[in-house]
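Undergrad: In this note's numbering, the protein residues as written are 92 to 214.
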Ligand SMILES: [Mg+2]
């Protein structure tokens, strides 16, 4: 059996995936807006942060996902706040956007292979 092409794999993306990815895109833009406003000195897309600092930022966001999961009203295991699915979704988008920003910095360095043009519309 032959391996699917990148275009075939991309074609398997569902509308639900596209909505989730759009949420990540909006969050990634929000990060840049907050940096422009001076609320952040850097994002993980910048080369002014070390790998350890970028990991710390990602870990902070993962911690916020953990808090939302542990306090979610469907199975509330901690009682300090009441987590909601909406807040959990936002925190997951923030984790993904931080990861995307970090990926951008690796692409900028040229140290990682870019996806082939067949699979992207912005190649
Ligand atoms: Mg967060």
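No residue lacks a Cβ here, since even glycine has one placed at the ideal position from N, Cα and C.
1. By the DSSP assignment, the alpha helix (DSSP H) with residue 120 in it spans what residues?
2. Which residues in the same chain as residue 151 place their Cβ atom closer than 7 Å to its Cβ, once the five residues preceding and following it in sequence are excluded?
3. Among 185, 197, 196, 201, which residue has its Cα nearest to the Cα of residue 120?
4. Closest to residue 113 by C-alpha separation, out of 191, 94, 98, would be which residue?
5. Does the beta-carbon of residue 177, which I'm using as the reference point, lie nearer than 7 Å to any heavy atom of ligand 1?
6. Would the beta-carbon of residue 195 be found less than 7 Å away from any heavy atom of ligand 3?
7. Is residue 187 closer than 8 Å to residue 115 when the C-beta atoms are compared?
8. First and last residue of the alpha helix (DSSP H) that includes residue 176?
9. Do residue 174 and residue 164 count as a contact pair if the criterion is CB distance below 8 Å?
10. Under 7 Å from any heavy atom of ligand 1, does the C-beta of residue 124 make it?
11. So residue 149 is in the alpha helix (DSSP H); what residue range does that whole segment cover?
TA: Concretely, from the data shown:
1. Taken as a continuous stretch (DSSP letters only), the alpha helix (DSSP H) holding residue 120 covers 106 to 127.
2. Counting only Cβ-Cβ distances below 7 Å, and skipping sequence neighbours, we find nothing.
3. Answer by Cα proximity: 185.
4. Answer by Cα proximity: 191.
5. Result no, Cβ not under 7 Å from ligand 1.
6. Among the ligands in the structure shown, ligand 3 does not appear; only ligand 1 can be found there.
7. Cβ atoms of residue 115 and residue 187: closer than 8 Å.
8. Annotation for residue 176: the continuous alpha helix (DSSP H) segment containing it runs 176 to 200.
9. Result yes, Cβ atoms of residue 164 and residue 174 sit closer than 8 Å.
10. No, the Cβ of residue 124 stays beyond 7 Å of every heavy atom of ligand 1.
11. Looking at the DSSP string, the run of the alpha helix (DSSP H) that includes residue 149 is 142 to 161.
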